[in-house]
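Okay, structure first, notes after.
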Amino acid sequence: MQKNSIKDIIKNPKIDQIISVNGWVRNKRGSKNVSFISVNDGSTILNLQIVAESKSISEEILKKINTGACLNIEGILKNSQGSEQSLEILAEKIIILGEADADEYPLQPKKHSLEFLREKAHLRFRTNTFSAVFRIRHALTFAVHKFFNEKGFFNMHTPIITGADAEGAGEMFKVTSLDLSNIPKKDDLNIDFSKDFFGKQTNLTVSGQLEAELGAMGLGKVYTFGPTFRAEKSNTSRHLSEFWMIEPEMAFADLEMNMDMAEEFLKSCINYCLENCKEDLNFLNVRLKNEEDKLKKEERSELGLIERLEFVVKNDFERLTYTEAINILRNSKPNKKKKFEYLIEGFGADLQSEHERYLVEKKFKKPVIITDYPKEIKAFYMRMNEDKKTVRAMDVLFPSIGEIIGGSQREERYDMLSDRMNELDVDKKELWWYLETRKFGTCIHSGFGLGFERLIMFVTGMKNIRDVIPFPRTPQNAEF
Ligand code: ATP
Ligand code: MN
């Protein structure tokens, strides 16, 4: 007798043999003499049908087989006569591993809203949609490591607790072991952080980039893949307070090479899912189509989910400068007709998500990379261009997501970097180690940050970032 996952059983069915499977009941129907129980064990989106005849399974057991219960089933694998599945197990013995009260179990076999399931995040792994999303999340994690490993990058673990609050990417959460009801103060009434755990003020990291740069200046090519934390109050469908970021950093690479790598990387991850997550993607494809059918015609996407993924893999991304993008936006219909919430008047404007989506979805109809942004709207570490007005930044914009990657060629010239830090009031004493890499053996280098959840949103077609991470952290919400 073999005990296998449902995925293995379907892949390699040993018809007429006795097998044993475990799984959770999705649905039960039938008559007095025979019950048909649909079970899923999470290994695949496909369920296995169990045929339980009253002559072999006692009524006492059958009574306890409710949706949500966990079972072990032993029986003979058969080809199924039913139209919905090709295999079934004729049960000889069923053990109830865990009962589920029929009246109390929240996930009855009917359609639940995503909002409802967010409140049941401890159980939502047992739904088709979320199990598909989280299997794809795993596949993408694997694809990320596979890509970088094959390209000769080294994975680097950067600190989660950081002593620098100058990373510049957003509001930070403080980390302390001080007694909050009795905070030590200095004579000037400021908090005395010398009494705190690390003897200084510390925060949760908003990005591993600065440390990744240090690694790249010795290891050549590194990447981080870790959690980042931003205490921003923005309650949008694209922002989490805790999210996972992938940050490659390459020595001897300019912005062109950075863009080429970003494009190849995204295509490779998406392609990995197309090849390895077919059943989950087929399910999500149908799901998205049903969702979009409810929308007005002009709000629907022209392409289905899988078509969209194939399109990205097969086509070159459009590359243009910020200045070119501003010209296009200034002369665009929604700008002239004052349809944008933020109208584009000229150079200097920050691009909002409505502008990004116009460029990607209306103008070019494909992913877009915008480069050379005004220095005022980008971070201190980006390399200054000859014009002294723009920096070597790049943002990759995706359909329905907007910004998915933000990156740049880094300022490798000591004096230029030092000047920018002065101008922007970045604490040079605190970042002494960052500056020193420009003093000792500096070289051109580049990197970027990919918000992992935004990539998962794109691949799964989920519209809210809270639905692609198992337990989302957002303002006023840290349940589970
Ligand atoms: P946005 O303008 O969307 O807030 P950002 O400019 O703050 O993004 P970066 O600091 O460049 O973003 O971070 C790199 C990447 O991390 C972004 O391209 C995005 O994919 C992702 N990202 C940024 N903030 C968040 C967040 N709060 N939740 C999830 N992903 C995020
Ligand atoms: Mn942001």
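For the sequence shown, my numbering gives the first residue as 146, with consecutive numbering after it. Quick reminder that beta carbons are idealized off the backbone N, C-alpha and C, glycines included.
- How should Thr108 be labelled, buried or exposed, when 16 other C-beta atoms within 10 angstroms of its C-beta is the threshold for buried? Since the first and last residues shown for the chain are 146 and 625, residue 108 lies out of range.
- In whole angstroms, what is the alpha-carbon distance linking Ile306 and Leu349? Sequence index remark: in the sequence shown, residue 306 carries index 161 (1-based). Sequence index remark: in the sequence shown, residue 349 carries index 204 (1-based). Distance between the alpha carbons of Ile306 and Leu349 is about 5 Å.
- Go through the region 524–569 residue by residue and report every complete run of the beta strand (DSSP E) that reaches 3 residues or more, in order. 535–543 and 547–554
- Message: Give me the residue from Thr587, Gly592, Gly493 and Asn430 with the minimum Cα distance to Val278.
- Response: Here residue 278 refers to the residue found at position 133 of the sequence shown. For Val278, the nearest C-alpha among the options comes from Asn430.
- Message: Taking the beta carbon of Trp169 as the centre, do at least 16 other beta carbons fall within 10 Å, making it buried, or is it exposed?
- Response: Reading the sequence shown from its first residue, position 24 is the one you call residue 169. Classification for Trp169: buried.
- Leaving out five residues before and five after Gly551 in sequence, what residues of the same chain have Cβ atoms less than 7 Å from its Cβ? Within the sequence shown, numbered from 1, the residue matching residue 551 stands at position 406. These residues qualify, in order along the chain: Asp540, Phe593 and Gly594.
- Item | With 16 other Cβ atoms within 10 Å as the buried cut-off, status of Cys588 | For this step, residue 588 is matched to residue 443 along the sequence shown. Exposed, by the Cβ-count rule.
- Message: Less than 7 Å separating the Cβ of Glu586 from some heavy atom of ligand 2?
- Response: Position 441 of the sequence shown, counted from the first residue, corresponds to residue 586. The question names Glu, but residue 586 is Gly in the sequence shown. Gly586: no, Cβ never under 7 Å from ligand 2.
- Task: Tell whether a beta-carbon distance below 8 Å holds between Arg282 and Ile601.
- Result: Against the sequence shown, residue 282 aligns to sequence position 137. Against the sequence shown, residue 601 aligns to sequence position 456. Ile601 is positioned such that its CB atom lies closer than 8 Å to that of Arg282.
- Which listed residue (Arg537, Phe293 and Phe543) has its alpha carbon closest to that of Phe410: Against the sequence shown, residue 410 aligns to sequence position 265. Per the Cα distances, Phe293.
- Query: When burial is assigned at 16 or more other CB atoms within 10 Å of the CB, is Val613 buried or exposed?
  - Reply: By one-based count along the sequence shown, residue 613 stands at place 468. Under this definition Val613 is a buried residue.
- Span of the beta strand (DSSP E) around His590: Position 445 of the sequence shown, counted from the first residue, corresponds to residue 590. Looking at the DSSP string, the run of the beta strand (DSSP E) that includes His590 is His590 to Gly596.
- Query: In terms of residues, what are the limits of the beta strand (DSSP E) holding Leu193?
  - Reply: For the purposes of this step, residue 193 is identified with residue 48 of the sequence shown, where counting begins at 1. Leu193 to Glu198 is the extent of the beta strand (DSSP E) around Leu193.
- Message: Alpha carbons only, please: which of Leu285, Ser180, Arg565 and Arg464 is nearest the one belonging to Tyr526?
- Response: Position 381 of the sequence shown, counted from the start, is the residue given in the question as residue 526. The residue with the shortest Cα to Cα distance from Tyr526 is Arg565.
- Proximity winner among Gly365, Tyr417, Val351 and Tyr368, relative to Phe388 (alpha-carbon distances): By 1-based counting over the sequence shown, the position of residue 388 is 243. Checking every option, the nearest Cα to that of Phe388 belongs to Val351.
- Just confirm the distance between the C-beta atoms of Ile202 and Val184, as a whole number of angstroms; I'd bet it's less than 8 Å. As a first step, residue 202 must be located in the sequence shown, where it is residue number 57. As a first step, residue 184 must be located in the sequence shown, where it is residue number 39. Not confirmed; about 14 Å, so no contact.
- Message: I'd like the list of long-range same chain contacts for Leu355, defined as Cβ closer than 8 Å, with 5 residues on each side in sequence excluded.
- Response: As a position in the sequence shown, residue 355 is number 210, starting the count at 1. Cβ neighbours of Leu355 beyond the five flanking positions: Ala309, Glu312, Tyr526, Leu576 and Tyr579.
- Task: Would you please state the rounded distance, in angstroms, between the beta carbons of Gly135 and Cys215? I believe it to be under 8 Å.
- Result: Since the first and last residues shown for the chain are 146 and 625, residue 135 lies out of range.
- Query: Between the Cα of Asn629 and the Cα atoms of Ser180, Phe370, Phe603 and Thr212, which residue gives the shortest distance?
  - Reply: No answer is possible for residue 629: the residues shown for the chain start at 146 and end at 625.
- Task: Taking 8 Å as the cut-off, decide whether the C-beta atoms of Val505 and Pro479 are in contact.
- Result: For this step, residue 505 is matched to residue 360 along the sequence shown. For this step, residue 479 is matched to residue 334 along the sequence shown. Not closer than 8 Å, so no.
- Task: Look at the Cβ atom of Phe299, then the Cβ atom of Leu364, and state whether they are nearer than 8 Å.
- Result: Numbered from its first residue, the sequence shown carries residue 299 at position 154. Numbered from its first residue, the sequence shown carries residue 364 at position 219. Going by C-beta atoms, Phe299 is nearer than 8 Å to Leu364.
- Query: DSSP beta-bridge partners for Phe388?
  - Reply: On the sequence shown, residue 388 is found 243 positions in, with the first residue counted as 1. Thr373.
- Message: Quick check: what's the CA-CA separation for Lys626 versus Glu452?
- Response: With the chain covering 146 to 625 only, the question about residue 626 has no answer from this structure.
- Task: With Ser663 as the anchor, note down where its alpha helix (DSSP H) starts and where it stops.
- Result: Residue 663 lies beyond the range of the chain shown here (146 to 625); nothing can be said about it.
- Query: For Pro304, which three-state DSSP category applies?
  - Reply: Here the question's residue 304 lines up with position 159 in the sequence shown. The three-state secondary structure of Pro304, taken from DSSP, is coil.
- Closer than 7 Å: Phe462 CB and nearest ligand 1 heavy atom: If you number the sequence shown from 1, residue 462 lands on position 317. Checking the Cβ of Phe462 against ligand 1 gives no.
- Message: Mapping the DSSP letters down to three states, classify Ser425 as helix, strand or coil.
- Response: Taking the sequence shown and counting its residues from 1, the one referred to as residue 425 is at position 280. It is Asp, not Ser, that sits at residue 425 in the sequence shown. Helix at Asp425.
- With 16 other Cβ atoms within 10 Å as the buried cut-off, status of Ala623: Walking along the sequence shown from the start, residue 623 turns up at place 478. So Ala623 ends up on the exposed side.
- Could you tell me whether any non-hydrogen atom of ligand 1 is closer than 7 Å to the CB of Phe388? Position 243 of the sequence shown, counting from 1, holds the residue named residue 388. True, at least one ligand heavy atom lies under 7 Å from that Cβ.
- Item | Expected contact under 8 Å - CB spacing of Gly491 and Ile471 to nearest Å | Within the sequence shown, numbered from 1, the residue matching residue 491 stands at position 346. Within the sequence shown, numbered from 1, the residue matching residue 471 stands at position 326. About 7 Å separates the two Cβ atoms, so the contact holds.
- Item | Pair within 8 Å by beta-carbon distance, Thr619 and Asn380 | Sequence index remark: in the sequence shown, residue 619 carries index 474 (1-based). Sequence index remark: in the sequence shown, residue 380 carries index 235 (1-based). In this structure, Asn380 lies closer than 8 Å to Thr619 by Cβ.
- Item | Collapsed DSSP secondary structure at Tyr368 in the structure displayed | For the purposes of this step, residue 368 is taken as residue 223 along the sequence shown, with counting starting at 1. Judged by DSSP in its simplified three-state form, Tyr368 adopts strand.
- Would you mind sorting Ser386 into buried or exposed? The rule is 16 or more other CB atoms within 10 Å of its CB. Within the sequence shown, the letter at position 241 stands for residue 386. Result: buried.
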